[in-house]
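Okay, so here's the structure we're looking at.
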Amino acid sequence: MSLNKVQPGDPLVIPATTFNAFVEAAADHRAHQHEQRQSPAQRSPHSCIIRVRNDGTSVIPRFGVLGINGPVFNPASQPEAFKNEPVISGVIPSTTGAQHRGRFVIAQEPLQSGQIGRAVLSGLTPVQLNVPDESYPWRLADIQNGSSAVLTVMRSGGAAVILWRQAGTGMVWAMVHLGLWVPSEWLAVFPVYLTQTGGSQGTATSPATWRYEVKRAATNETLATDVNPTAWPHHWRRPGVGRMTPATFGHAFFGIGGLFMLTWINEVAEQEACAS
Numbered sequence: 284m285s286l287n288k289v290q291p292g293d294p295l296v297i298p299a300t301t302f303n304a305f306v307e308a309a310a311d312h313r314a315h316q317h318e319q320r321q322s323p324a325q326r327s328p329h330s331c332i333i334r335v336r337n338d339g340t341s342v343i344p345r346f347g348v349l350g351i352n353g354p355v356f357n358p359a360s361q362p363e364a365f366k367n368e369p370v371i372s373g374v375i376p377s378t379t380g381a382q383h384r385g386r387f388v389i390a391q392e393p394l395q396s397g398q399i400g401r402a403v404l405s406g407l408t409p410v411q412l413n414v415p416d417e418s419y420p421w422r423l424a425d426i427q428n429g430s431s432a433v434l435t436v437m438r439s440g441g442a443a444v445i446l447w448r449q450a451g452t453g454m455v456w457a458m459v460h461l462g463l464w465v466p467s468e469w470l471a472v473f474p475v476y477l478t479q480t481g482g483s484q485g486t487a488t489s490p491a492t493w494r495y496e497v498k499r500a501a502t503n504e505t506l507a508t509d510v511n512p513t514a515w516p517h518h519w520r521r522p523g524v525g526r527m528t529p530a531t532f533g534h535a536f537f538g539i540g541g542l543f544m545l546t547w548i549n550e551v552a553e554q555e556a557c558a559s
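Per our numbering, residue 284 is the first one in the sequence shown, and the count goes up by one each step.
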C-alpha cells in the first residue's frame, strides 16, 4: 500500500486499501480520545494502577474503596495466570482484626459485582473522606469499617496521606496519596490512661485477665474499648499465675495502617507480707 501526497489540482484517486487505512486511523484516534475522557487515571505516570475484581455483592462507585482480599488466581492451581495476569480480589473493607487497615485500593471506574476493573494501589487519586469535625488538622486517612464509599480521617497511622480536602464535615472530596512513606513522628509512642472494664485479678494457680478502656492521655480521646492487653497485636505480658492490680496508665502507638498497640501498662503483681 502506497500513501503519497498530492498537489492542488492533481487528480485524486484513492485505492480501497488506502481509504481503509484512513478509516482505521480515524477510528483508532477516536477510540483513544474516548479512552482519555473516560479513563484519565490510566494515563497518570504517578499512580500504580492494578486490576481488581469486585468480589462483594454491591456495586462499587468510581473512587470507591475495596479491601484487598488476596489474588484472584491461585498460584498452586493457576500458576501461569497468577504470574502473567495479576488480578486482586476486592471486598467491602473491614477493620475486624485490622484486616484491611492499610490494605486497600481506590476504584477508578464503577464495578458491578464480579466485574474486573482498574484501581489505584499507590499514588494520587480522588476519594471521599468522612470528616467528623474540623478541630484537628487531619493529614491521614484509612478504611471505614463496612463502607466502600469513603475513607475515614485518622490522627495516626492512616495509609492515605491527605494532600487536599474540601472544607466542612461529613463526606467531603479529597486528593490523597496512597503508599507514601509515613514519617516516624506519626509512629511515636504516646501515653494512655486505662480504666478497668472486666476480667479478674488472678490467683495462685491462674493468671489475671484484666480488660480495659484505653484513652489518649493528651486529649482524653477513646482509642479502644474492652482491650485484652496480652492479646495480639498488643505487647504486654503477665506472669503465668498470681494476683495483679489493674493498670491505670500505659504507653501505646499506632503502627502502619492504623493498628493500635499497647506496649506497656502499669499492672503490678500483688505482694503479700511474709509471716513473722
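Built from N, CA and C at the ideal position, the CB exists for glycine as well.
Values in this document were obtained by computation on a predicted structure and should not be read as measured data.
If you drop the 5 nearest sequence neighbours on each side, which residues of the same chain put their C-beta closer than 7 Å to that of residue i?
{"i": "Glu468", "result": "Per-residue confidence for Glu468 stands at a pLDDT of 48, beneath the threshold of 50, marking its modelled position as unreliable; the derived number appears in the next sentence. Once the five neighbours on either side are set aside, Glu468 has no close Cβ partner at all."}
{"i": "Arg494", "result": "Thr480, Gly481, Gly482, Asp509, Val510, Asn511"}
{"i": "Gln321", "result": "Reliability fails at Gln321, whose pLDDT of 49 lies under 50, so the model's placement of it is uncertain and the value that follows must be treated cautiously. No residues qualify anywhere along the chain."}
{"i": "Thr505", "result": "Glu496, Lys498"}
{"i": "Ser489", "result": "Val524"}
{"i": "Thr452", "result": "Val414, Pro415, Asp416, Glu417"}
{"i": "Ala507", "result": "Val497, Phe543"}
{"i": "Thr478", "result": "Tyr495, Glu496"}
{"i": "Trp276", "result": "The requested residue 276 does not occur in the structure, where the chain is confined to residues 284 to 559."}
Between the beta-carbon of residue i and the beta-carbon of residue j, is there less than 7 Å?
{"i": "Gly282", "j": "Ser372", "result": "Since the first and last residues shown for the chain are 284 and 559, residue 282 lies out of range."}
{"i": "Arg386", "j": "Ile351", "result": "yes"}
{"i": "Arg521", "j": "Thr513", "result": "yes"}
{"i": "Pro529", "j": "Ala500", "result": "no"}
{"i": "Pro362", "j": "Ile426", "result": "no"}
{"i": "Gly533", "j": "Trp547", "result": "yes"}
{"i": "Leu542", "j": "His517", "result": "no"}
{"i": "Gly347", "j": "Ser431", "result": "yes"}
{"i": "Arg336", "j": "Val296", "result": "no"}
Assuming the contact rule is C-beta atoms closer than 8 Å, residue i and residue j should be a hit. Round their C-beta distance to whole Å, please.
{"i": "Val433", "j": "Leu446", "result": "That pair is no contact at about 17 Å."}
{"i": "Ala390", "j": "Arg345", "result": "6 Å"}
{"i": "Pro393", "j": "Val342", "result": "6 Å"}
{"i": "Thr560", "j": "Asn549", "result": "For the chain, the structure presents residues 284 to 559; residue 560 sits outside this window and is missing."}
I'd like the list of long-range same chain contacts for residue i, defined as Cβ closer than 6 Å, with 5 residues on each side in sequence excluded.
{"i": "Pro323", "result": "The predicted position of Pro323 is uncertain, since its pLDDT is 48 and thus under 50; no value can be drawn from it."}
{"i": "Val551", "result": "Thr528"}
{"i": "Thr560", "result": "Absent from the structure is residue 560, since the part of the chain shown begins at 284 and ends at 559."}
{"i": "Gln449", "result": "Val455, Trp456"}
{"i": "Cys331", "result": "Leu404, Ser405, Gly406"}
{"i": "Gly339", "result": "Val374, Ile375"}
{"i": "Pro408", "result": "Pro is not the amino acid found at residue 408; the sequence shown has Thr there. Counting only Cβ-Cβ distances below 6 Å, and skipping sequence neighbours, we find Ile389."}
{"i": "Val472", "result": "His534, Phe536"}
{"i": "Gln395", "result": "Val342"}
{"i": "Pro382", "result": "Reading off the sequence shown, one finds Gln at residue 382, where the question assumed Pro. Result list for Gln382: empty, nothing under 6 Å."}
Could you tell me which residues DSSP pairs with residue i in its beta bridges?
{"i": "Tyr476", "result": "Lys498, Phe532"}
{"i": "Phe346", "result": "Paired residue(s): none; Phe346 is not in a bridge."}
{"i": "Trp447", "result": "Met458"}
{"i": "Arg336", "result": "Ser372, Ile399"}
{"i": "Ser489", "result": "In DSSP, Ser489 forms no bridge with anything."}
{"i": "Trp547", "result": "His534"}
{"i": "Gln411", "result": "Trp456"}
{"i": "Phe365", "result": "Looking at the DSSP assignment, Phe365 forms no beta bridge with any residue, so it has no partner."}
{"i": "Leu506", "result": "According to DSSP, Leu506 bridges with nothing at all."}
{"i": "Ile351", "result": "Gly373"}
{"i": "Gly482", "result": "Note: Gly482 sits in no beta bridge, so no partner."}
{"i": "Ile560", "result": "There is simply no residue 560 to check, as the chain begins at 284 and stops at 559 in what is shown."}
Here's a check: name, in chain order, each residue in its chain whose Cβ is nearer than 8 Å to the Cβ of residue i, leaving out the five neighbours to either side.
{"i": "Gln484", "result": "Ala491, Trp493, Arg526, Met527, Thr528, Pro529, Glu553"}
{"i": "Ala443", "result": "Val410, Leu423, Ala424, Asp425, Leu434, Val459, His460, Leu461"}
{"i": "Phe365", "result": "Pro354, Phe356, Asn357, Pro358"}
Note to self: If contact is defined by three or more beta carbon pairs under 8 Å, each pair taking one atom from either stretch, is the stretch 399-415 in contact with the stretch 344-361?
What the structure shows: yes
Check: Are at least three pairs of beta-carbons, each pair with one atom in the stretch 438-446 and one in the stretch 414-423, less than 8 Å apart?
Finding: yes
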